[in-house]
Amino acid sequence: MNRHISAALAAALLAGLVKPALAQTAPATPPAAPTQPAVPAPATPSASTPIAAEGGPSAAPAHNAALEKEVTLQRADLDEQDGRIADLEKQLKALKASETPKKDQKKADSRPAPAAPPAADFPLKVTGYVQAQYEFHQDSEDQLQQGGALLNQNRFLLRRTRVKLQREWQYGGVMIELDANTVKGPAIGLQHAEVSLAYRNQDQSPLVQATLGLFDNPFGREVVESPRERPFMERSYASRAFFPAEPDLGLRVSGQASFLRYAVAVVNGQPLGDRTGFILQDPNAHKDVLGRVGVDVTLPSPVRIIGGVSVLNGKGFHPGSDATKNTLSWRDNVSEDGLVTLPEIVGVPGVAAQPAKNFDRWLVGFDLGAQFNSKLGTTHLYGEFSLGSNMDRNVFVADPVTTGVDARELGWYVSLYQEFKQGPIAGFRVDQYNPNADFADSRGGKLIPLTETITTYSPLIGFQVPHKARLVAEWDIVRDSLARNTAGVPVDRKNNIVTIRLQGEL
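Here our numbering is used: the first residue of the sequence shown is 1, the next is one more, and so on.
And the structure:
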């Protein structure tokens, strides 16, 4: 009986947990087993007891058979109820097991969320790469230039060996990059040194960032593009003329908001590699002001658009000259016999010192690029246009104080290259630079208009393992009018270049 009572209690508990779903499966309380009727003991006949009528002895067996049938039915009903109880107990255990994690989750959810830890410093990043290459120059000679410079340029060299250390925190950062190369003999120098204060977006990109130190001039696309990522060997001709090297000393304010990108800088105006003689210094108090405003948009389709407008305004410097004394000069131009004669002695009067002068220079630029993702890989198409005045600081150094006229420079390039998914890369770039659109050549006393335009066609092929290694071969086909034939007519100078480079990354 206790067994049936406990089963009934279990069933009631299960019904309360599973509510209507389990309530329909079994009754809340199993039916109690019917009480077996007591069988009266046969009475002992006596004198006072009347004798049973005829047929009395056969009624007892019939009654016993009915009782046995009823007992059999009750036992079958009990067995069925035992099976149901066993099933209910299994369901009860399974239900309790499933309810426990939910209760624990509710308890966990009811607890107050822990306070966010204070913003920690970002991890220290150490990166680097090596660019080793072989160059073949069509105009190379086994001679020395006046002054001792090598004319042979067919050689192996380390173009760049750079190591960068960068550490950022929530409100600023520091970056140092060193460079070693053998372009003009073994050299080790400082490429970048930046210290910044920043206010960041939610994705940790800087919304506003002020940087002081040695950083890349924020102008156009190529100047701020890392040589590590650039597939072509060097920047375009015009870009190298305007910016002999990318970095300059100054103050920069930059940042991004959604798709908008901006950077404004005040710099010395004598970038690294400057050929005017004042590298990373400033001979005048006037600072160059430059900047770029652009967009970086990723469209719903696999297309990314990058573009911007850049401006620069500054002042160049003409160094002037020192004072000289009166001197005598001998020119063996009479008899050319190596003997000094009076007609060959010429007096050279001294001159007063010439003061240094400043001159205006400016540059505007526009760049636009697109990136497409397809089954083949990633396609890059971009170009840049620049127009300036007295901005050449590397190739045809502009000095309007000496020439008496302002030089107007014009440069542009268009580039296309494909990164295939399996590793091969291929590309082509055409760039053009005109250092002086108003140039005029003098022959026979006559002024003849002549273009100094230099056009370069640069096909390349290669193979890369992304972020590990890249092997590229590039052929620079240079078309210019910098040479003359025997009649003095300007002709193309044979100065094509073939470069094979292997780049490895840390």
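Backbone N, C-alpha and C define an ideal beta-carbon position, used for all residues, glycine too.
Backbone secondary structure at residue i - three-state DSSP
i, result
"V71", "helix"
"P553", "Here the chain covers residues 1 to 506 and nothing more, so residue 553 does not appear."
"N181", "strand"
"L78", "helix"
"D248", "strand"
"R493", "coil"
"L124", "coil"
"L502", "strand"
"I306", "strand"
"N64", "helix"
"E452", "coil"
"F232", "coil"
"L212", "strand"
"A241", "helix"
"L95", "helix"
"L410", "strand"
"L157", "strand"
"G314", "strand"
"T378", "strand"
"L272", "coil"
"T403", "helix"
"A473", "strand"
"E141", "coil"
"D87", "helix"
"V430", "strand"
"G277", "coil"
"G55", "Interpretation of G55 is limited by its pLDDT of 46, a score under 50 that renders its predicted location unreliable; no figure is taken from the coordinates."
"N217", "coil"
Nearest-angstrom Cβ-Cβ length linking residue i and residue j, presumed shorter than 8 angstroms
i, j, result
"N326", "V348", "7 angstroms"
"R252", "F215", "6 angstroms"
"F396", "P435", "4 angstroms"
"H192", "E168", "In fact, because the Cβ distance is near 14 angstroms, the residues do not count as touching under 8 angstroms."
"R429", "F242", "Incorrect: roughly 17 angstroms between the Cβ atoms, too far for contact."
"L460", "G427", "5 angstroms"
"D179", "R162", "5 angstroms"
"P271", "N313", "In fact, because the Cβ distance is near 16 angstroms, the residues do not count as touching under 8 angstroms."
"R221", "R393", "Actually they do not touch by this definition, with Cβ atoms about 19 angstroms apart."
"F463", "I500", "No, F463 and I500 are not in contact; Cβ-Cβ is about 12 angstroms, not under 8 angstroms."
"G255", "Q209", "5 angstroms"
"Y129", "R228", "5 angstroms"
"D476", "I497", "4 angstroms"
"V478", "T456", "5 angstroms"
"L290", "V311", "7 angstroms"
"G307", "L368", "4 angstroms"
"G172", "L197", "5 angstroms"
"L158", "T182", "5 angstroms"
Whether residue i touches residue j by CB criterion (8 angstroms)
i, j, result
"Q503", "A473", "no"
"G383", "F219", "no"
"N358", "G316", "yes"
"L151", "S140", "yes"
"R361", "S329", "no"
"G273", "K287", "no"
"L482", "R493", "yes"
"V126", "L190", "no"
"T211", "E234", "no"
"V267", "D248", "yes"
"A370", "R304", "yes"
"H467", "V401", "no"
"N534", "Q204", "Outside the shown range of the chain, which is 1 to 506, sits residue 534, and nothing can be said about it."
"Y413", "D431", "yes"
"A257", "L299", "no"
"D322", "A285", "no"
"V346", "T324", "no"
"L381", "K421", "no"
"P302", "F372", "yes"
DSSP bridge partner residues for residue i (one or two, in chain order)
i, result
"A263", "S254, R292"
"E135", "R155, T499"
"H192", "E177"
"I345", "W330"
"A149", "DSSP output for A149 lists no bridge partner at all."
"P206", "R200"
"N358", "F317"
"A365", "Reading the sequence as shown, one finds Gly at residue 365 and not Ala. Answer by DSSP bridge pairing, in chain order: S310, S386."
"R167", "V174"
"P459", "F428"
Any chain B beta carbon closer than 8 angstroms to residue i
i, result
"Q81", "The chain labelled as chain B is not found in the depicted structure, where only one protein chain is given."
Exercise for review: Take every Cβ of the segment 401-413, pair it with every Cβ of the segment 234-251, and state whether three or more of those distances are shorter than 8 angstroms.
Suggested key: A contact exists between the segment 401-413 and the segment 234-251.
Practice item. Count the CB pairs spanning the segment 281-298 and the segment 334-345 that are closer than 8 angstroms, and state whether there are at least three. Key: Output reads no: the segment 334-345 does not touch the segment 281-298.
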